[in-house]
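2 protein chains.
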Amino acid sequence: MTDQTTLDVVPEPARLPAHERVYRRLRDQILFGEFEPGQPVTIQGLTDALGVGMTPVREALRRLTAEGALEFLGNRRIAVPVLNAQAVDELTFTRKALEPELARRAAQRATEDDVSQLTEIDARLDAAIRRGDVKRYLVENHQFHVDLYSLAQAPILTEIVDHLWLRFGPSLRVVCGQFGTRNLPDRHKDVLTALSANDADAAARAMEGDVVQGMEQIRQGLM
Amino acid sequence: MTDQTTLDVVPEPARLPAHERVYRRLRDQILFGEFEPGQPVTIQGLTDALGVGMTPVREALRRLTAEGALEFLGNRRIAVPVLNAQAVDELTFTRKALEPELARRAAQRATEDDVSQLTEIDARLDAAIRRGDVKRYLVENHQFHVDLYSLAQAPILTEIVDHLWLRFGPSLRVVCGQFGTRNLPDRHKDVLTALSANDADAAARAMEGDVVQGMEQIRQGLM
DNA sequence: CTTGCAGTAATTTGATCATATTTTGGCCGA
DNA sequence: TCGGCCAAAATATGATCAAATTACTGCAAG
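Chain order of the listed sequences is A and B. Number 5 in the working numbering belongs to position 5 of the first sequence; there are no gaps in the numbering. Number 355 in the working numbering belongs to position 132 of the second sequence; there are no gaps in the numbering.
As structure tokens, this is what we get:
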């Protein structure tokens, strides 16, 4: 009896390789703000903490640094990068350039089922905001975008955008820690409307709004 | 007395770690078409060929796959991805979205020295085209863009674009192998003119032209 | 007598490799 | 064609070496 807790669409190997497990674990921790930006991490510390050899840890770290989620600080320390104004500017530009396009392509393919699935996620997201549950908000928000972009069937664009999220994710958490979830406007409703109408241009516009609003939040948080 | 052959701004460790050496070597080989797209590579094959342990090789491969330069083929093989029309489309979109912006920012900062340096590279590039030296053409072409983008002082954008180059680099080689270097129009002159005039908009336009032309070449090559 | 500092020792961390273990693909015979 | 065996490759660990950071100790100066 394998531990089939969730219904895996892809018949994932029951036992993922250690480096993959380590990668996913660290990625989620970075993405949802369980690592403070700047807080140093050591390879050996992780091998101890995760109870796994150093080779898988090294592989996961090498991958995460390649994706921009971590950064070598020269002096033998690895950490989540601390964003400065310049970095936020670059990330804003790139997100504005790519994510609306993903929304556009998703809108052309979205079925009713897809939209209702996304609507459910968005409802959970709203609930998390009302509850003040930051972690849950971050998780659902991320899931919303990931699921939406998967509709676009654009693997390269999606991968690039995934990596962008790894760069600003930690800061999103910091911002929420400062300001709470109260005044987090939810711009997803416009996106959903555009999707169900298969209106690609409207979807792109709505997504740009969401991106701008999110990055503005981060920009304000870092001063 | 340290071996200060070149004036290293960054005091690079005289002896690079093996995983870094392996990474750079493989990256260059991928970038300049010494690996056929689709041709499988094994970890053990590389450890034998490069005379180095498997841990550094694994790290380099993990990094390269994260950057999109390599791809796991499921059945225990790693290879340079073969681009299909869809992939070329996505790469074209992303390059058009990002590289003109880098050219724009470079134009705002380019000094006369910078321009003359780039002009030299472009001259060598032209020479390589006339000589029919494909490898050298690819190297100089890449160097031209890398040096140009480094002027933009936009580390994140630059890194993302670097990774894009890893994705289409191998196909560029294939195209040149098919059509030779004869009819490779050089759109870099417009870029250089715009740079020396510090005309950001013109630089962006010229770069878009270069991108479109290059990707069009690739698109034609894959059918 | 206290305090700062330099030089050294000890511990920590990173890098690499050799080896053991597990998984997978291919091949052969029924 | 199918099932099982074999070989090769990938995975993972722990040991070893090197480098660097940290901690410590003793000396000298205020």
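For every residue, glycine included, the Cβ atom is placed at its ideal position computed from N, Cα and C.
- Distance from the CA of V275(B) to the CA of A283(B), rounded to the nearest whole angstrom, comes to 12 Å.
- Proximity to D422(B) across D409(B), C399(B), A333(B) and L374(B) peaks at A333(B), based on C-alpha coordinates.
- The beta-carbon of E290(B) is placed less than 8 Å from the nearest beta-carbon of chain A.
- Around the beta carbon of L296(B), a 10 Å sphere encloses fewer than 16 other beta carbons of the protein chains shown; the residue is thus reported as exposed.
- For Q29(A), the enclosing alpha helix (DSSP H) begins and ends at A18 to L31.
- At a cut-off of 4 residues, the continuous stretches assigned as alpha helix (DSSP H) that sit fully inside the region 90–131 of chain A are 112–131.
- Between the region 150–163 of chain A and the region 310–328 of chain B, the count of Cβ pairs shorter than 8 Å is three or higher; the stretches touch.
- In the DSSP annotation of this structure, F258(B) is not part of any alpha helix (DSSP H), being labelled neither H nor E.
- Ranked by how close their Cα comes to the Cα of A241(B), the residues G268(B), M277(B) and Q252(B) have M277(B) in first place.
- Residues of the region 92–125 of chain A with a C-beta less than 7 Å from any C-beta of chain B: F93, T94, A97, L98 and E101, listed in chain order.
- Apart from sequence neighbours up to five positions away, the residues of its chain that approach A106(A) with a beta-carbon distance below 6 Å are L148, L151 and A152, ordered along the chain.
- Nearest Cα to R299(B) within the set F255(B), V264(B) and V362(B): V264(B).
- Residue-level contact check: L157(A) touches chain B, since one or more beta carbons of chain B fall below 8 Å from its beta carbon.
- The beta carbon of R238(B) does not come within 8 Å of any beta carbon belonging to chain A, so the residue lies off that interface.
- Contacts with chain B (Cβ-Cβ distance below 7 Å) from the region 71–85 of chain A involve no residue at all.
- The beta carbons of A308(B) and L445(B) sit about 7 Å from each other, so the pair counts as a contact at 8 Å.
- The Cβ atoms of E99(A) and V211(A) sit closer than 8 Å to each other.
- The C-beta of I441(B) comes no closer than 8 Å to any C-beta of chain A.
- Shown here, P279(B) sits in a helix according to DSSP, grouped into three states.
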